Amino acid sequence: MRDPAGAVIGLDFDGTLSPIVPDPAQAVIHPEAPAVLAELGAHVLAVAVVTGRPAATALELGPGLADVEGLVVLGHYGFERWEDGRISAPPPPPGVPRAEAELQLLLGTLDLKGVVIEDKGRAVAVHTRRSPDPEGALAVLREPLAKLAEKHDLVIEPGRMVLELRPPGMDKGHALSLFLAEKAARSVMFVGDDLGDLAAFDAVRASGLPGVTVCSGSAEVTALAERADIVVDGPQGVVALLRELGSAFSRS
């Protein structure tokens, strides 16, 4: 509050700016979020969406985000960057399509109902939310997916009823740390909801900056709530908190 011009606000997408839904392709940003982020962006140093989604997908599911002045989207945990209408990224890792091809056969042998594969370009995710027993399906999948990831030089990223195979070497914490250094930030807030956001929480602590961690709370994941400075009730609570912050900046 004393120095908004030095503040970086980082946010996850799914479960934070958009509600979790059975089909990830149907996730849509909270309708008020783009306007609230635009208001914040007028006061702070930078606003960044840090997501496991491809940057283009986050923008597609977040109508209005591309119009938020100064917004940066760090997609695929930071491997991709969208800024000023352009996406930059290294070449896609060859292990991902190979693992995805084998996934189809693997799921067939395990005979799991309602398990869905999501092709994310630079990663592949296996969702169990639509399974009759989502937690049981996750338990069955953990070991064979770990072996598949190791075979193709990938790592497993666990989430809310999902296991994702992705390249090593980057996570939300590393992406946030690099962004804070690039911007010479003087304070930071990160808002997330899932296990992949724990690394960003750690980066806030490790930065040495005045920092706030916020959990978009759910009954599915409690690890973040236990670590957060503030817990709000899902995307609606996130938007309310950000709106309050923007209003406070406007009054100061």
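In my numbering, the protein residues as written are 738 to 989. Using N, Cα and C, we set each Cβ at its ideal position, and we do this for glycine too. Since this is a predicted model, take the numbers as computed values, not measurements.
For ASP751, the closest C-alpha among the options GLU776, ASP939, SER955 is that of SER955. By the 16-neighbour rule on beta-carbons within 10 angstroms, ASP966 is exposed. Taking C-beta separations shorter than 6 Å and ignoring five residues to either side along the sequence, the partners of ASP908 in its chain run TYR814, ALA936, following chain order. If the five residues before and after PRO905 are omitted, its C-beta is found closer than 8 Å to the C-beta atoms of ASP890, LEU891, VAL892, all from its own chain and listed in chain order.
The criterion of a C-beta distance shorter than 9 Å is not satisfied by VAL805 and ARG897. In this structure ALA779 is not in contact with LYS920, their Cβ atoms being roughly 16 Å apart against a cut-off of 8 Å. By the Cβ-count criterion, THR846 is exposed, with fewer than 16 other Cβ atoms from all chains shown falling within 10 Å of its own Cβ.
The continuous stretches of alpha helix (DSSP H) do not include PHE816, and DSSP gives it neither H nor E. Sequence-distant Cβ neighbours of GLY971 in its own chain, meaning closer than 7 Å and more than five residues away, are PRO756, SER953, GLY954, SER955. The residue among GLU839, GLU817, ASP870 with its C-alpha nearest the C-alpha of GLY851 is ASP870.
Residue range 823 to 825 is occupied by the beta strand (DSSP E) that includes ARG823. Unbroken alpha helix (DSSP H) runs of no fewer than 4 residues, entirely contained in the stretch 905 to 972, are found at 909 to 920, 935 to 943, 960 to 964, following chain order.
For the 9 Å CB-CB criterion, VAL781 and VAL745 form a contact.
In the three-state reduction of the DSSP assignment, LEU808 falls in the coil class, being assigned neither a helical nor a strand state.
Within the model, the alpha-carbon separation for GLY983 versus ALA762 is close to 30 Å.
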